[in-house]
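Chains as they are written, first to last, in my numbering: chain W, 115 to 458; chain V, 9 to 310.
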């Protein structure tokens, strides 16, 4: 571990922890403003006040509160099971409207809410569930973005040393290669640690509202791997771009984000003009060496079920993650080769 | 075996030679002063020697062996400008040194820092004055067990008291067998501490030797002439006089041998108030780097 990189990493960890703590604090304030558990809001209490509504309350053997609301005029029956902090379900059944089809299920990984609808024998049934299982991969997606920000800051490690400290950095009883390796390893640890912090904060945030029932799937593995590899490749790319710079490196890093994010957009330009066509081809090629582009491998739609997530790994992740791993190694290797030749 | 051997060291930037074929042999336990005007190539030489910049040519040996990373355990270097981390505290720098050098003594570092007036270890480097930064760098270097100490302007920015402290540290360190190579513009300091010196100019060594040897036999004979335009015909061509300067009525002869005989000649010419003084290192330095601009008008075979 490199002492200076570790100190820089610690400062970054503290900054990340402060930002996450503030976010959690805001979340806690919002939570405290809510009088009941989230599940109690699913009981559709307002329906009970409709004219002719018949409401029955039962306490189930597991302690859950079951509320059945029947609206005879609407031929509607609402069954709400409130398990308090553990979540709950509400099922609404009513006659199906003419030509009504079931809507696509939504899973809302972010709030552990899922809903399904079905229409059978003229009866439409919709079910909302709160406190279902949340894939750990969901939190990792957030962690990747935090990791990328931290990677951007840590990618200036070599350039910061070049900017007036090489006489200290290189006058140590270790080879330059080892110094570089230690710095890179320390930075990687910092990135992974801040990502872990983000995942923990995400789970803590969820736990303020409902019991976090976490699930681990092949998708989790894919995202966790991506959470290490994509920021590592991004870090390597910026490290490589600034490894021999002594000043002005901030501009390179500042421009990297808009360029990297803009590449896929430019690559999708359809034009018959040779100039624009040339730019499109160039962007489409460069896109493959842009680590941010590989985020697509772990991007999911909110309508994907836990079962669907299992297929994400086999869908596209293998190649994408392998590519991004190769990019990380090549970029970091190139950065180290450059840096060992920098003169004080 | 010499602590440091430099042979044919050369560093060029394009067509400009910052260091132009330096050869030096520095014995173990010696205090070696490197003198030279700004831009002479002193700092570049230090960096080349330590491999911090790649030499274009030449060979450097530390105790007979080429420089390897492990050698930095026994070599300390204090560069001319502060290379400390502004955002780190003095205490963190102590921890940094401790994590990198097995021979670093943090208690000794604290003692030296207190001695040099850097009392508060919690202070960030950015809050320290230039002198205090230099003092911190010097204290950190002297708190290590080392064989070779390279100091590039170690007293730069220090007050006179701390300058004296650093000089004493250099002398004490050498007394314990450490070889010290230092550069300074304060020639008086070099004269006080160094046994050997080298004078650099335009990347070359133009004068090198033991200080006492350089001064041996060389004297200044000074006298006051009866008038500004008094003739000193024939004196400038005396082979025993290296240089003759005339500043108004004051006549100064830099003598390589027989100063008393020269004093008699000047007396015979009518000069009064004659005195023979030792040549200082400053005189030797100025004579080496800028013989024409050294002092007053030079008498060219009047």
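Note that the Cβ used here is the ideal one computed from N, Cα and C, for glycine as well.
| query | result |
| --- | --- |
| Rounded to a whole number of angstroms, what is the C-alpha to C-alpha distance between residue 102 of chain V and residue 151 of chain V? | 10 angstroms |
| Do you know whose CA, among V:183, V:290 and V:271, lies nearest residue 39 of chain V's CA? | V:183 |
| Considering only residues of the stretch 132-172 of chain V, which uninterrupted beta strand (DSSP E) runs meet the minimum length of 3 residues and lie entirely inside it, listed in chain order? | 156-160 |
| Indicate the three-state DSSP secondary structure (helix, strand or coil) for residue 203 of chain V in the structure shown. | coil |
| Listed in chain order, which residues of the stretch 272-302 of chain W have Cβ atoms closer than 7 angstroms to some Cβ of chain V? | 278, 279, 280, 281, 282, 284, 285, 286, 287, 288 and 289 |
| Tell me, please, whether the CB atom of residue 363 of chain W is closer than 7 angstroms to any CB atom in chain V? | no |
| Taking one C-beta from the stretch 189-209 of chain V and one from the stretch 228-244 of chain V each time, how about it: are there three or more such pairs within less than 8 angstroms? | no |
| Helix, strand or coil for residue 262 of chain V? Go by DSSP, reduced to three states. | strand |
| Identify every run of the alpha helix (DSSP H) within the stretch 368-456 of chain W, keeping only runs that are complete inside it and at least 4 residues long; order them along the chain. | 388-400, 420-426 and 432-453 |
| Tell me which residues share the same chain as residue 232 of chain V and place their Cβ nearer than 8 angstroms to its Cβ, disregarding the 5 neighbours each side in the sequence. | 257, 258, 259, 279, 280 and 281 |
| Which one of W:180, W:139, W:117 and W:181 has the shortest CA to CA distance from residue 321 of chain W? | W:139 |
| Do the stretch 282-298 of chain V and the stretch 210-221 of chain V make contact, defined as three or more Cβ pairs closer than 8 angstroms? | yes |
| Residues of the stretch 431-446 of chain W in Cβ contact with chain V at a cutoff of 7 angstroms, in chain order, please. | none |
| Quick check: the Cα distance between residue 312 of chain V and residue 93 of chain V, rounded to an integer number of angstroms? | There is simply no residue 312 of chain V to check, as chain V begins at 9 and stops at 310 in what is shown. |
| For residue 62 of chain V, which of helix, strand or coil comes out of DSSP? | coil |
| Relative to the alpha-carbon of residue 281 of chain W, which residue among V:16, V:35, V:58 and V:26 has its alpha-carbon at the smallest distance? | V:58 |
| Counting beta carbon pairs with one atom in the stretch 162-182 of chain V and one in the stretch 59-71 of chain V, are three or more of them shorter than 8 angstroms? | no |
| Which residue's Cα is closest to the Cα of residue 298 of chain V: V:265, V:251 and V:272? | V:251 |
| When the cut-off is 7 angstroms and only beta carbons count, does residue 85 of chain V lie next to chain W? | yes |
| Relative to chain W, which residues along the stretch 39-73 of chain V have a C-beta separation below 8 angstroms, given in chain order? | 55, 58, 59, 60, 61 and 62 |
| Helix, strand or coil for residue 100 of chain V? Go by DSSP, reduced to three states. | helix |
| Enumerate in chain order the residues of its own chain whose CB-to-CB distance from residue 275 of chain V is below 8 angstroms, with the five nearest sequence positions on each side excluded. | 231 and 282 |
| Could you check the C-alpha separation between residue 380 of chain W and residue 326 of chain W for me, to the nearest Å? | 40 angstroms |
| Please report the residue range of the beta strand (DSSP E) in which residue 280 of chain V lies. | 280-286 |
| To which residues of the same chain is residue 134 of chain W closer than 7 angstroms at the C-beta, ignoring the five residues directly before and after it? | 311, 312 and 315 |
| Using a Cβ-Cβ distance cut-off of 7 angstroms, determine whether residue 458 of chain W contacts chain V. | yes |
| Considering only residues of the same chain and omitting the five flanking positions on each side of residue 236 of chain W, which have a CB-CB separation below 7 angstroms? | 209 and 210 |
| Looking only at its chain, what residues have a beta carbon closer than 6 angstroms to the beta carbon of residue 69 of chain V, apart from the 5 residues adjacent to it on each side? | 13 |
| With a floor of 4 residues, list each alpha helix (DSSP H) that falls wholly inside the stretch 297-359 of chain W, ordered by position along the chain. | 332-356 |
| Taking DSSP's pairing of strands, which residues face residue 209 of chain V in a bridge? | V:212 |
| Below 7 angstroms CB to CB, which residues in the same chain sit around residue 401 of chain W once its five sequence neighbours on both sides are set aside? | 377, 378, 381 and 407 |
| Alpha carbon to alpha carbon, how far is residue 214 of chain W from residue 230 of chain W? | 14 angstroms |
| From residue 82 of chain V to residue 236 of chain V, what does the alpha carbon distance come to, in whole angstroms? | 59 angstroms |
| Residue 160 of chain V and residue 45 of chain V - do their beta-carbons sit closer together than 7 angstroms? | no |
| Does any residue of chain V bring its CB to less than 7 angstroms from the CB of residue 224 of chain W? | Confidence in residue 224 of chain W is poor, its pLDDT being 47 and thus under 50, which makes the residue's placement unreliable; the coordinate value appears in the next sentence. Chain V, which has no Cβ nearer than 7 angstroms to the Cβ of residue 224 of chain W, makes this no. |
| To the nearest angstrom, how far is the alpha carbon of residue 51 of chain V from that of residue 273 of chain W? | 22 angstroms |
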